[in-house]
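Right, one structure below, let's go through it.
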Amino acid sequence: MNIKYLLITIICGIAALSCGSAPIQSKEVVNVTSEKKEAPDKTEQETTAVTAINPLLSPFDTPFGVPPFEKITDDVYEPAFEEAMRQHLVEVNRIIETDDAPTFDNTVAALDYAGRLLNRVAMVFFAKQGADTNDTVQEIAKTVSPKLSAHSDSISMNPGLFARIKAVYDARESLTLTGEQQRLLELTYKNFVRGGALLNDADKKRKTEINSRLSILSVQFGDNLLAENNNFELMIDDENDLAGLPKAVIDAAAEKAAMDGNAGKWKFTLHKPSWIPFMQYAQNRALREIMFKGYATKGNHNDEVDNKDILLEMVRLRLERAKLLGYASHAHYILEENMAQTPDKVDGLLEQLWKGALPAAQKELKALKKLLKKDAPKAVFEPWDWFYYTEKLRAQKYDLDENNLRPYFKLENVQKGAFDVATKLYGLQFKMRADLPVYNEDVSAVEVTDADGKHVGVLYLDYFPRPGKNQGAWMTEYRGQEIRDGEFIHPVIVNVFNFPRPTKDTPSLLSLEEVETLFHEFGHGLHGLLSNVTYPSLSGTNVPRDFVELPSQFMENWAEEPEVLTSYATHFETGEGIPKDLIQKITDASHFNQGFETVEYLAASFLDMKWHTLTEDPGNIDVNAFEDKALSEINLMDEIISRYKSTYFAHIFSGGYSSGYYSYIWSAVLDSDAFAAFKEQNTLFDKQTAASFKENILSKGNTEEPIELYVKFRGREPSIEPLLKKRGLK
């Protein structure tokens, strides 16, 4: 998952204004009058004093300009935000107040470069909030988020600023602009219109109120979910209840219990490295039910961390905002800027895949029920049985047990495997840098260089779960790539995961799914690292949501290819390479359980669209009843629940994927078709194909329409056939 969208939304609002600083002058002019937005007065001496004592406001005197984490304490964030917002307004007012007629350079480009300091502060803070939070940081988030929203609205709805942008936009046919400049001009104008620049004063005020409230609700939703994940525990004191669980999982649970003062017991949590293997292997069905319901009811207990009222208010406010801006629904508003463009196109893709996925899942269920009947003839198959009997069936049908795979997937080896793929494709080199500051002792830093040894960027890797860390995996950045005053600004990227921690006896050993996750987020990282764009708002992963997952999912394709597997999958104890027969079993089982995986994902995508295609205020409806009805309309099986239920659907209620969860499957069409281009060359590392993907996809950011970039790479529009074949759904 790419978390950057959340930061852009908070910092820059619906207008998606970018952040930077110095304007560039141009000779081409048009005429307009301007109106400024007042910024708080502060003398140069006062600004210097504030900057000198706040490490977030001072230049980062570190290698490659990475954040000086050891100097950044929680008390510096709020004053840093206040000063950075003040300086941003000064920069914006400078654009508005100039006597020069508006040009692309002194208005559009200048705005895109403005707010660099605010961008820096926000990226550091929100990255910490997601990966290393505490009570203080959570309270700061609640305080600054509405301020950032209001700050964004004050810019995106400033009439004087919009008048200058519109003047340049209206004169665009007579201007001599590069393709990237044309793209920036068009997007800037559209973003201001979508941000409310054409609204009357009363509607502008209401939109600002809505955005402020939404920013608070989003933080609250995420905080509640973090609390739910941390509060749940299953403490086992009878060793018999551990039957079926792998030794590494048992050892990790024992260590967790001992850390909590419960030596001699075993602690299991909702964190994926604990929850998933428990659901896969625990023979005690009653305990699997407890674990499953603990996960499936997060945020839905009618207590102080319940999320139903929060998400319902968010749905209502999003709809109201869409209506203010002239859209039928929130989904219509969001999708206008995506490749899909309309809810009908999204629904069309989802329904096309649903027709193949649901029968496949129903067929899988029949086989699983037979296994349950052998163990418990009178038992009714329940959702908490799916993972367990899937593993039994996998072992029976393919002689493949994930416990036999994990020893070959030592974290450090998988990491090297991903790095080696990037080296072979793009010539990148990776060097661990213990001298770079990190924000937590779990984190490591990597310098990335090109084939000639030139600096490309810095990649931070944060692998293990902890109480202050959100679940899941994501990519974000501390600094995006841009070209400013002729200087190439190199990116600083972060990959965050929740992999099993090493124990005293074993290193961190990954499941096959976790291997894919590492390759996935690394793909996002490469998208940020290999960006080669002039303007910050167009760089790296600042692309439509249903395009941003292409580079990440594209990288997953290499993880299980035999040629790549043999390069990194070695037994952590013996050093022996993964056997050929085990690789063949992985290949043979590649279509296994695809019905289930696709159905649970599509169900969540349908649910997202149901909430956000509402065209009338739903009032205080019953959230659970709405969800049940939405899923019954697609005939979701009782034995499968949506991958995310509404009350813990963080992607759409505390992340940047509202009306966009479908984007993973949309991008899956692209990535499967893109990977087929390599297969057609009969080599996974065809230099010409890799160079084309780097040039037309990874380096271009949002400088052109995504479909145009894809066609330049592939020579045609994408086909859905490779995806259907890949998942065995044809």
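In the working numbering, the protein residues as written are 231 to 960.
Every residue, glycine too, gets a C-beta built ideally from N, C-alpha and C.
The alpha-carbon separation between Arg402 and Pro332 amounts to approximately 12 Å. No residue range can be given for Val610, since it is assigned to no alpha helix (DSSP H) and is classified by DSSP as neither H nor E. Around the beta carbon of Arg946, fewer than 16 other beta carbons lie within 10 angstroms, which makes this residue exposed. For Ser769, there is no enclosing alpha helix (DSSP H), since its DSSP letter is neither H nor E.
Distance from the Cα of Asp811 is smallest, within the candidate group Lys585, Asp631, Asp650 and Asp362, for Asp631. The continuous beta strand (DSSP E) containing Val678 extends over residues Ser674 to Thr679. With a contact defined as Cβ atoms closer than 8 Å, Leu691 and Leu759 miss out at about 13 Å. For Leu517, there is no enclosing beta strand (DSSP E); the residue is part of the alpha helix (DSSP H) that begins and ends at Arg515 to Ala526. Less than 8 Å separates the beta-carbon of Val338 from that of Val398. In the DSSP assignment, Val722 falls within the beta strand (DSSP E) that extends over Val722 to Val726. No Cβ-Cβ contact shorter than 8 Å links Ile813 with Leu832. Beta-bridge pairing by DSSP links Asp539 to no other residue. Contact check for Thr733 against Ala482 passes: the beta carbons are separated by less than 8 Å.
When the beta-carbon positions are compared, Val686 and Leu658 come within less than 8 Å of each other.
Counting along the chain, the unbroken beta strand (DSSP E) around Leu689 starts and ends at His685 to Asp692. Nearest to Gly426 by alpha-carbon distance, out of Thr817, Leu555 and Thr406, is Leu555.
Less than 8 Å divides the Cβ of Ser949 from the Cβ of Asp903. Two segments are said to touch when three or more pairs of C-beta atoms, one from each, lie closer than 8 Å; by this definition the stretch 862-882 does not touch the stretch 911-920. The continuous beta strand (DSSP E) containing Leu464 extends over residues Leu464 to Ile466. If you check the CB distance, Ser897 and Glu790 do not come in under 8 Å.
With 16 or more other Cβ atoms inside 10 Å of its own Cβ, Val763 counts as buried.
The beta carbon of Leu391 lies closer than 6 Å to those of Ile326 in the same chain, with the five residues before and after it left out.
Pro589 is not a Cβ neighbour of Phe777, given a cutoff of 8 Å. Classified as buried, Glu707 has 16 or more neighbouring CB atoms from the shown chains inside 10 Å of its CB. Note on geometry: alpha-carbon atoms of Phe718 and Gln711 lie some 8 Å from one another. Using a 10 angstroms sphere on the CB of Ser404, the tally of other CB atoms stays under 16, which defines it as exposed. The beta carbon of Ala880 sits closer than 7 Å to the beta carbons of Gly452 and Leu455 from its chain, once the five residues preceding and following it are set aside; these are given in chain order.
By DSSP's assignment, Gly425 forms no beta bridge with any residue. According to the DSSP assignment, Gln450 belongs to the alpha helix (DSSP H) that extends over Asp431 to Asn461. Setting aside the 5 residues that flank it on each side, Trp496 is surrounded in the same chain by Ile466, Leu472, Ile480, Ala483, Ala484 and Ala487, each with a C-beta closer than 7 Å to its C-beta; the list follows chain order.
Nearest neighbour of Thr653 by Cα position, chosen from Asn823, Lys599, Ser872 and Asp682, turns out to be Asp682. The stretch 529-541 makes no contact with the stretch 497-510, as fewer than three CB pairs between them are under 8 Å. Beta-bridge partners of Arg714 (DSSP): Glu717. DSSP places Tyr708 outside any alpha helix (DSSP H); the residue lies instead in the beta strand (DSSP E), whose first and last residues are Trp704 to Arg709.
Inter-residue distance for Tyr887 and Thr771 is about 14 Å (C-alpha atoms, whole angstroms). With at least 16 other beta carbons inside 10 angstroms of its own, Asn421 counts as buried.
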